[in-house]
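Student: Numbering (my numbering), first residue to last: 756 to 902.
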(Lines of atoms letter the chains of each structure in order from A and count residues from 1; the text may use other names and numbers.)
(Lines give C-alpha, C1' and ligand atoms only; values in the text may rest on other atoms or scores of the structure.)
Protein backbone atom coordinates (compact mmCIF):
# COMPACT_ATOMS: atom_id res chain seq x y z
CA UNK A 1 0.00 0.00 0.00
CA UNK A 2 1.50 3.31 -1.12
CA UNK A 3 5.06 2.13 -1.49
CA UNK A 4 7.64 4.87 -2.16
CA UNK A 5 5.50 7.51 -0.42
CA UNK A 6 6.77 9.44 2.60
CA UNK A 7 4.78 9.70 5.83
CA UNK A 8 4.10 13.37 5.01
CA UNK A 9 2.79 12.46 1.57
CA UNK A 10 0.53 9.75 3.01
CA UNK A 11 -0.74 12.19 5.63
CA UNK A 12 -1.50 14.85 2.97
CA UNK A 13 -3.20 12.24 0.82
CA UNK A 14 -5.30 11.02 3.73
CA UNK A 15 -6.41 14.57 4.48
CA UNK A 16 -7.32 15.24 0.83
CA UNK A 17 -9.05 11.86 0.46
CA UNK A 18 -11.14 12.53 3.56
CA UNK A 19 -12.25 15.89 2.15
CA UNK A 20 -13.49 14.19 -1.01
CA UNK A 21 -15.23 11.40 0.91
CA UNK A 22 -18.34 13.54 1.32
CA UNK A 23 -20.69 10.75 2.38
CA UNK A 24 -18.28 9.23 4.90
CA UNK A 25 -18.16 5.73 3.39
CA UNK A 26 -14.33 5.84 3.12
CA UNK A 27 -14.53 5.63 -0.67
CA UNK A 28 -14.32 8.12 -3.52
CA UNK A 29 -15.66 7.97 -7.04
CA UNK A 30 -13.30 7.59 -10.01
CA UNK A 31 -14.71 10.88 -11.33
CA UNK A 32 -13.08 12.67 -8.35
CA UNK A 33 -9.61 11.30 -9.08
CA UNK A 34 -8.45 14.18 -11.30
CA UNK A 35 -9.32 17.00 -8.96
CA UNK A 36 -7.93 15.02 -6.04
CA UNK A 37 -4.62 14.48 -7.86
CA UNK A 38 -4.48 18.19 -8.71
CA UNK A 39 -5.08 19.11 -5.08
CA UNK A 40 -1.97 17.09 -4.25
CA UNK A 41 0.26 18.83 -6.79
CA UNK A 42 -0.29 16.63 -9.81
CA UNK A 43 -1.43 17.95 -13.15
CA UNK A 44 -2.93 15.06 -15.11
CA UNK A 45 -4.59 15.79 -18.43
CA UNK A 46 -8.04 14.41 -19.20
CA UNK A 47 -6.41 11.85 -21.51
CA UNK A 48 -4.06 10.73 -18.72
CA UNK A 49 -6.98 10.41 -16.31
CA UNK A 50 -8.95 8.32 -18.80
CA UNK A 51 -5.91 6.14 -19.28
CA UNK A 52 -5.42 5.66 -15.51
CA UNK A 53 -9.10 4.88 -14.97
CA UNK A 54 -9.06 2.36 -17.81
CA UNK A 55 -5.67 0.83 -17.00
CA UNK A 56 -6.55 0.48 -13.30
CA UNK A 57 -10.10 -0.74 -14.05
CA UNK A 58 -11.69 1.93 -11.85
CA UNK A 59 -15.36 1.25 -12.44
CA UNK A 60 -16.64 1.92 -8.93
CA UNK A 61 -15.70 3.95 -5.84
CA UNK A 62 -12.41 2.93 -4.23
CA UNK A 63 -10.92 3.10 -0.74
CA UNK A 64 -7.89 4.90 0.66
CA UNK A 65 -5.60 1.88 0.34
CA UNK A 66 -6.36 1.65 -3.38
CA UNK A 67 -5.94 5.41 -3.67
CA UNK A 68 -2.42 5.20 -2.17
CA UNK A 69 -1.50 2.50 -4.65
CA UNK A 70 -2.77 4.68 -7.49
CA UNK A 71 -0.87 7.71 -6.24
CA UNK A 72 2.41 5.85 -5.83
CA UNK A 73 2.11 4.73 -9.46
CA UNK A 74 0.57 7.74 -11.16
CA UNK A 75 1.04 10.99 -9.21
CA UNK A 76 3.67 13.09 -10.89
CA UNK A 77 3.88 16.48 -9.22
CA UNK A 78 4.89 19.37 -11.42
CA UNK A 79 8.60 20.00 -11.12
CA UNK A 80 9.44 22.68 -8.55
CA UNK A 81 11.19 24.85 -11.14
CA UNK A 82 8.07 24.88 -13.32
CA UNK A 83 5.94 25.88 -10.33
CA UNK A 84 8.38 28.70 -9.57
CA UNK A 85 8.46 29.87 -13.18
CA UNK A 86 4.65 29.97 -13.27
CA UNK A 87 4.62 32.00 -10.05
CA UNK A 88 7.16 34.47 -11.46
CA UNK A 89 5.07 34.90 -14.60
CA UNK A 90 2.28 36.24 -12.39
CA UNK A 91 4.65 38.94 -11.08
CA UNK A 92 6.13 39.57 -14.55
CA UNK A 93 2.97 41.05 -16.04
CA UNK A 94 4.78 42.29 -19.18
CA UNK A 95 6.40 38.90 -19.90
CA UNK A 96 9.95 40.30 -19.95
CA UNK A 97 11.57 37.51 -17.96
CA UNK A 98 12.64 40.01 -15.29
CA UNK A 99 11.28 41.01 -11.89
CA UNK A 100 12.05 43.93 -9.59
CA UNK A 101 14.13 42.73 -6.62
CA UNK A 102 12.29 44.91 -4.09
CA UNK A 103 8.91 43.53 -5.18
CA UNK A 104 10.22 39.96 -5.08
CA UNK A 105 11.75 40.54 -1.64
CA UNK A 106 8.46 41.88 -0.31
CA UNK A 107 6.48 38.92 -1.66
CA UNK A 108 8.89 36.21 -0.48
CA UNK A 109 9.47 37.65 2.99
CA UNK A 110 5.94 38.70 3.89
CA UNK A 111 3.37 36.55 2.11
CA UNK A 112 2.53 32.87 2.61
CA UNK A 113 5.43 30.73 3.85
CA UNK A 114 7.72 33.62 4.66
CA UNK A 115 11.36 33.43 3.64
CA UNK A 116 13.84 34.84 6.13
CA UNK A 117 15.08 38.23 4.82
CA UNK A 118 18.72 37.18 5.35
CA UNK A 119 18.18 34.03 3.30
CA UNK A 120 16.59 36.11 0.53
CA UNK A 121 19.58 38.49 0.58
CA UNK A 122 21.94 35.52 0.31
CA UNK A 123 20.11 34.21 -2.77
CA UNK A 124 20.05 37.63 -4.40
CA UNK A 125 23.81 38.03 -3.94
CA UNK A 126 24.24 34.97 -6.15
CA UNK A 127 22.41 36.43 -9.18
CA UNK A 128 23.11 39.45 -11.34
CA UNK A 129 20.99 42.43 -10.36
CA UNK A 130 20.71 44.95 -13.17
CA UNK A 131 21.27 48.67 -12.70
CA UNK A 132 17.47 49.02 -12.85
CA UNK A 133 17.07 46.77 -9.76
CA UNK A 134 15.71 43.83 -11.73
CA UNK A 135 16.83 40.22 -12.02
CA UNK A 136 16.25 37.62 -14.68
CA UNK A 137 14.04 35.18 -12.82
CA UNK A 138 15.32 32.11 -14.68
CA UNK A 139 18.71 32.79 -13.03
CA UNK A 140 17.06 33.12 -9.62
CA UNK A 141 15.10 29.88 -10.13
CA UNK A 142 18.26 28.04 -11.15
CA UNK A 143 19.91 29.15 -7.86
CA UNK A 144 16.88 28.19 -5.76
CA UNK A 145 16.58 24.75 -7.34
CA UNK A 146 20.32 24.11 -6.98
CA UNK A 147 20.23 24.77 -3.21
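Here a beta-carbon is modelled for each residue, glycine too, at the ideal position from N, C-alpha and C.
To which residues does DSSP link residue 818 through a beta bridge?
Tutor: 782
Student: Helix or strand or just coil, what does DSSP make of residue 882?
Tutor: In the three-state reduction of the DSSP assignment, residue 882 falls in the coil class.
Student: Between which two residues does the alpha helix (DSSP H) containing residue 866 stretch?
Tutor: It is not in any alpha helix (DSSP H) - residue 866 carries neither H nor E in the DSSP assignment.
Student: Is it buried or exposed, residue 802, if we count other Cβ atoms within 10 angstroms and call 16 or more buried?
Tutor: Its Cβ having fewer than 16 others within 10 Å, residue 802 is exposed.
Student: Out of 826, 874, 762, 886, which one is the CA nearest neighbour of residue 796?
Tutor: If we check each option's Cα against that of residue 796, 826 comes out closest.
Student: Let me know if residue 771 comes out buried or exposed under the rule of 16 or more other beta-carbons within 10 Å of its beta-carbon.
Tutor: buried
Student: Check residue 797 in the structure and name its three-state DSSP category.
Tutor: Of the three classes helix, strand and coil, the one that applies to residue 797 here is strand, per DSSP.
Student: Any idea which residues DSSP pairs residue 853 with across the strands?
Tutor: 891
Student: Let's see if you can read the secondary structure: which residues bound the alpha helix (DSSP H) around residue 770?
Tutor: 762-775
Student: Identify which residue in 766, 821, 870, 828 has its Cα closest to the Cα of residue 785.
Tutor: 821
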